[in-house]
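Have a look at the structure below before the remarks.
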Amino acid sequence: MNYICDICKGYTAQPLCVRVSEEKVKTEEDRIEINCCKKCGNEIFYKVKNECRGMDIEKTLNHLGVNYPH
Ligand SMILES: [Zn+2]
Numbered sequence: 000m001n002y003i004c005d006i007c008k009g010y011t012a013q014p015l016c017v018r019v020s021e022e023k024v025k026t027e028e029d030r031i032e033i034n035c036c037k038k039c040g041n042e043i044f045y046k047v048k049n050e051c052r053g054m055d056i057e058k059t060l061n062h063l064g065v066n067y068p069h
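Using numbering that gives the first Met the number 0, you'd call the opening residue of the sequence shown number 0 and step up by one each time.
Here it is, written out as C-alpha cells:
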C-alpha cells in the first residue's frame with residue numbers, strides 16, 4: 000500500500016512517522032505526527048533535533064515549512 004508524504008506529496012511505500020511535540024506536553028493533542036517519505040522524514044528529524052529546540056509546535060511547523068492542520 001502506498002502512502003502520501005505530508006511534505007512532498009509524493010508516494011512512499013514505507014512512510015516515516017516524525018513526532019513533533021512541545022517540551023511541556025500536557026495532552027496527546029500537543030503532539031503532531033507527520034507521515035512522510037524517508038527522505039523528508041530524515042530532513043525533518045534533523046531539523047527538529049538541531050534547529051527547533053525550545054520552539055512550540057506552530058513555530059516548529061513553520062520552520063519546517065509544513066502547513067499542517069492543527
Ligand atoms: Zn516526501
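All C-beta atoms in this analysis are idealised placements derived from N, C-alpha and C, irrespective of residue type, glycine included.
Remember, it's a predicted structure, so these values are computed and weren't measured experimentally.
Check whether residue i and residue j have beta carbons under 8 Å apart
i: CYS36; j: CYS4; result: yes
i: GLY40; j: VAL19; result: no
Rounded straight-line distance, which links the Cα of residue j to that of residue i
i: HIS69; j: TYR10; result: The predicted model places HIS69 with a pLDDT of 49, which falls under 50 and marks its position as unreliable, so this point remains unresolved.
i: LYS58; j: GLU21; result: 10 Å
i: LEU15; j: GLY53; result: 23 Å
i: CYS7; j: TYR45; result: 17 Å
i: GLU42; j: GLY64; result: 12 Å
Any non-hydrogen atom of ligand 1 closer than 7 Å to residue i Cβ
i: ILE43; result: no
i: CYS7; result: yes
i: CYS35; result: yes
i: CYS16; result: no
Where residue i sits in the DSSP three-state scheme
i: CYS16; result: strand
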